[in-house]
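Step one of this worksheet: look at the structure below.
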Amino acid sequence: MFVHFRKVLSATLVAATLLPCAASAEEFTDGQKAAIGEVVKSYLLENPEVITEALQALDARNKAAEEQGRVDAIQTNREAIFSSPYQAVLGDPNAKIALVEFFDYNCGYCKKALSDTRAILDKEKDVKIILKEFPILSEGSVEAAKVAAAVNILDPKAYEAFHFELMGIRGQADGDRALAAAVKAGLDEAKVKETAGTKAVAEAINHSYDLARKLNINGTPAYIIGDEMVYGAVGFADLNRRIEAMRACGKTAC
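In our numbering, the protein residues as written are -8 to 245.
Spelled out as structure tokens, the structure:
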């Protein structure tokens, strides 16, 4: 592409040189502009691949800028992402490697990815999974998330059993089904109901909404590991590759 661009530039300069000097050294006359335009037009018509290459380069530049923007956003919000008092943690809270997941209890892809979560917890003992309640699909999702946040406040150790129970149900999750999962995990239903309506729970949900907005997350599941954002249910192998890289060199790609 750069070779083509140099040819266009050279042809343009030659065209400008052969034309009479303009009254001002800083401006071209209308005739000079027309001549230069014809040179460029002729070259592009003869070499249309230059346009494709230029668009590809622009797309690559835009993608690189977007990726850098995501990295910057993660760096700016590291405390809220990895050390929020509102988050639920599966696995060893002191594990060195953290995998963050934004999820919705009614997200089919999140349910599909539940086996990946289980496999990571079983296989990777130095990895903790940080869960961000991000109910965006329905009112039932909001109700379930409030119950989940209440469970995490009342008994963080019971959250894992609750999470796998509710995420694993068939059909839609809502407040009632979330309460049933909480009771099955050993919590008192009345206490969970009471806590679900508190300011602390509302703050926990709003924390996820605010953080997702800052990170430009608008779907689930969405993962963060290191300085990388990963969108969608990419599967255990894909996540584990990043985990192994984090273990080896502190980045998701060594």
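Using N, Cα and C, we set each Cβ at its ideal position, and we do this for glycine too.
What is the rounded straight-line gap between the Cα of Ala244 and the Cα of Ala152?
32 Å
In angstroms with no decimal places, state the Cα-to-Cα distance between Ser15 and Lys32.
Interpretation of Ser15 is limited by its pLDDT of 46, a score under 50 that renders its predicted location unreliable; the figure taken from the coordinates is listed afterwards. In a straight line, the C-alpha of Ser15 is about 25 Å away from that of Lys32.
Can you name the start and end residues of the beta strand (DSSP E) that Phe227 belongs to?
Per DSSP, Phe227 belongs to no beta strand (DSSP E); it is in the alpha helix (DSSP H), 227 to 240.
Phe125 by DSSP, collapsed to three states: which one?
coil
Starting from Phe153, trace the alpha helix (DSSP H) both ways and give me its first and last residue.
Its alpha helix (DSSP H) spans residues 150 to 158.
Hey, how far is the Cα of Val221 from the Cα of Glu37?
42 Å
Coarse secondary structure for Ala102, derived from DSSP in three states
Reading off the sequence shown, one finds Lys at residue 102, where the question assumed Ala. In this structure, Lys102 counts as helix in the three-state DSSP scheme.
Using alpha carbons as the reference points, say which of Ser199, Leu230, Thr211, Tyr214 lies closest to Gln78.
Nearest option by C-alpha distance: Ser199.
Can you tell me whether Ser106 is buried or exposed? The criterion is at least 16 other CB atoms within 10 Å of its CB, across all chains shown.
By the neighbour-count rule (16 or more Cβ atoms within 10 Å), Ser106 is not buried but exposed.
In whole angstroms, what is the alpha-carbon distance linking Gly22 and Glu29?
11 Å
Evaluate contact between the segment 76 to 96 and the segment 120 to 128, counting only Cβ atoms and requiring at least three cross-stretch pairs below 8 Å.
Under the three-pair Cβ rule at 8 Å, the segment 76 to 96 counts as touching the segment 120 to 128.
Segment contact, 8 Å Cβ cut-off, at least three pairs: the segment 90 to 101 with the segment 204 to 222:
yes
Take Pro126 as the anchor and find which of Ala195, Ala86, Lys116 has the nearest alpha-carbon.
Ala195
Using 8 Å as the cut-off, can you tell me whether the segment 146 to 161 makes contact with the segment 175 to 183, which would need three or more C-beta pairs spanning the two stretches below that distance?
Judged by Cβ distances under 8 Å, the segment 146 to 161 makes contact with the segment 175 to 183, as three or more pairs qualify.
Short check: CB of Ala135 to CB of Gly99, under 8 Å?
no
Which two residues bound the contiguous alpha helix (DSSP H) that contains Phe73?
69 to 73
Quick check on Lys242: buried or exposed, where buried means 16 or more other Cβ atoms within 10 Å of its Cβ?
exposed
For Ala239, does the count of other Cβ atoms within 10 angstroms reach 16, so buried, or fall short, so exposed?
The residue is exposed, with fewer than 16 neighbouring Cβ atoms inside 10 Å.
Quick one: what's got a C-beta closer than 7 Å to Ala110's C-beta in the same chain, skipping five residues either side?
Excluding residues within five positions, the ones whose Cβ falls inside 7 Å are Phe227.
Of the listed residues Ile144, Asn143, Ala139, nearest to Met158 (C-alpha basis):
Measuring from the Cα of Met158, the nearest candidate turns out to be Ala139.
To the nearest angstrom, how far is the alpha carbon of Gly223 from that of Arg61?
16 Å
List, from N- to C-terminal side, the alpha helix (DSSP H) runs of 4 residues or more that fit wholly inside the segment 22 to 89.
40 to 67, 69 to 73
Is Ile120 helix, strand or coil by DSSP?
strand
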